[in-house]
Amino acid sequence: MNMNTDQINLPNQHQPETRSVDAGLAHSLSEAQNSVPNRANGHARAVQDLARERAAAPFNGESVLILYGTVTGNSETLAKKLADALRPTGLTTRVRDMAHCQPNALTQANYLLVVASTYGDGEPPDDAAPFWQAVVHGNGLDLRGVRFSVLALGNTTYDHFCKCGRDFDAALERHGATRFYPRVDCDADYNRSAAAWINGVLRNLQQESFTAVSESLIRHGRFAEGLAAAERTRALDPLSVNAQIAVGTASLAAGLHDRAVEEFRQALAMGPATGAVRFHLGVTYIAMGRLSDAIRELEIATRSREDHQTRFEAILGHAYALAGRGHDARAILKELELHRAEQYVSSFGIALIHDALGEKALALAALRRAQTEHAVEFGLMTHYPPFRAIASDPGFRDVMRQLALPDERSTGGREQ
Ligand SMILES: Cc1cc2nc3c(=O)[nH]c(=O)nc-3n(C[C@H](O)[C@H](O)[C@H](O)COP(=O)(O)O)c2cc1C
């Protein structure tokens, strides 16, 4: 593993705080590391599969960039604790101070973990200001495919609590990155919440690695094996919402709709990431032809604050169109097109709305645009409703062929 942690001496007055963070983290992280999937058998194979997945990953191997912005050293200390916690995973991890980074550094990793404090009138640490300006106010950064999470440090006695971290969180999403673990905002006594964030990030990274195995099997049309792999991942951590969601999406891919609904309902009962769960429930209901149920779930998803994504609106627009609510579908299209001016909005979802409206030429044009954008949705089409109006169009087949995707995957998963 390639560890490159910038060494900076912390001011003495902050050492007591650092020590108590150590104690809190040591407990939480040892708990997390005990759950590292080592129970051989099925997992040995999963690990081999994962290694193959990683070798073929677009970034040529999983890598993690931990970025911190600090004045008095708290963010830096936590960033390094996180790097230490990640060490046993074997992921290539770099820790960098924003003060010495250019925005394009963000495009160099699969996973981006930001730890940032807030100063002044809700501003970033002075040294980090140029980087913050470029990322928060700049355009043109393409972070599709990057997965991120933010730890925001602050103090509730100030007006703009944790604003710098909150701004980063919103900006990374605007540039097309995907939040894989929700932001945590920390008050002056941050030990417990920071430990919970590190713990959560660690668990989710581990689960994502194993979920990738299941998704790879599904991508290759091996739905039963994909579902079994997702179940193995869940068995490792039955309390993980993401692992639970993965069993639901694998069930959906296998065409087991009732089972998928049951799995997603269970995920809802588990708590966080409710927007994503409602989204998947909505997609499942669309597959079952239960459009009013789908619309209900997708409308809730679009209102989710903690894990909102523009794909929620897109699939809601698709469901409206299928339900004959063309006016509502077009209103969403208009909104998404407006958002495109300021943030990444995938053309894949736009293609799905046009498709459900029966606007074949517009659907194909948007699909081709999605292809040039390298839209991530092509990587797992079973997570989305199938194209219908354009499914038999030579233009659609052409795009599928160029992406090396069999046509039948566009029409939803089927058990083999
Ligand atoms: C002068 C000063 C201004 C601050 N302004 C804010 C603020 O506007 N909002 C906030 O949430 N926290 C504010 N804080 C709290 C810091 O963000 C918090 O102490 C944090 O843990 C510092 O992290 P660092 O050591 O990584 O810089 C401020 C602290 C100081 C000393």
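If you use my numbering, the sequence shown corresponds to residues 6 to 421, in order. For glycine and all other residues, C-beta sits at the position ideal for the given N, C-alpha and C.
> Whose CA, out of C169, L158, T183, lies closest to the CA of T112?
Replying inline: T183
>> In the DSSP output, what is F153 paired with across the bridge?
In response: L117, R184
> Just to confirm, does P130 get its C-beta within under 7 Å of one of the non-hydrogen atoms of ligand 1?
Replying inline: yes
> Does the beta carbon of K168 fall short of 7 Å from some heavy atom of ligand 1?
Replying inline: yes
> For L70, which residues does DSSP report across the bridge?
Replying inline: R99, L117
> With C-beta atoms as the reference, is D192 less than 8 Å away from T216?
Replying inline: no
> Is V350 helix, strand or coil by DSSP?
Replying inline: coil
> Unbroken alpha helix (DSSP H) runs of length 4 or more, entirely within the segment 274 to 326: which are they?
Replying inline: 279 to 293, 296 to 307
> For Q407, does the count of other Cβ atoms within 10 angstroms reach 16, so buried, or fall short, so exposed?
Replying inline: exposed
> What runs of the alpha helix (DSSP H), each 4 residues or longer, lie entirely inside the segment 208 to 240?
Replying inline: none
> Which same chain residues, not among the five before or five after Q271, have their C-beta less than 7 Å away from its C-beta?
Replying inline: Q249
> Which stretch, first to last residue, makes up the beta strand (DSSP E) that contains V189?
Replying inline: 189 to 191
> Could you give the residue range of the alpha helix (DSSP H) that holds H142?
Replying inline: 134 to 142
> How is the alpha helix (DSSP H) around D403 delimited, first residue to last?
Replying inline: 399 to 407
>> In whole angstroms, give me the CA-to-CA distance for T377 and R149.
In response: 13 Å
>> Across the segment 217 to 237 and the segment 168 to 185, are there enough close Cβ pairs to call them in contact, namely three or more that are closer than 8 Å?
In response: no
>> Let's see if you can read the secondary structure: which residues bound the alpha helix (DSSP H) around T75?
In response: Premise fails: T75 is in no alpha helix (DSSP H) and is neither H nor E.
>> In whole angstroms, give me the CA-to-CA distance for L286 and A265.
In response: 8 Å
>> I'd like to confirm the pairing. Which residues does DSSP put opposite Y195 in its beta bridges?
In response: Looking at the DSSP assignment, Y195 forms no beta bridge with any residue, so it has no partner.
> Are V288 and H359 closer than 8 Å when you measure CB to CB?
Replying inline: no
> Given a threshold of 16 other Cβ atoms within 10 Å of its Cβ, counted over all protein chains shown, does Q20 qualify as buried or as exposed?
Replying inline: Model confidence at Q20 stands at a pLDDT of 29, short of 50, so the residue's coordinates are unreliable and nothing is read from them.
> Of all the options P129, S154, A157, which has the alpha carbon lying nearest to the alpha carbon of H142?
Replying inline: P129
> In the DSSP assignment, what are the bridge partners of E128?
Replying inline: Y124
> Among I291, R393, E340, which residue has its Cα nearest to the Cα of E364?
Replying inline: R393
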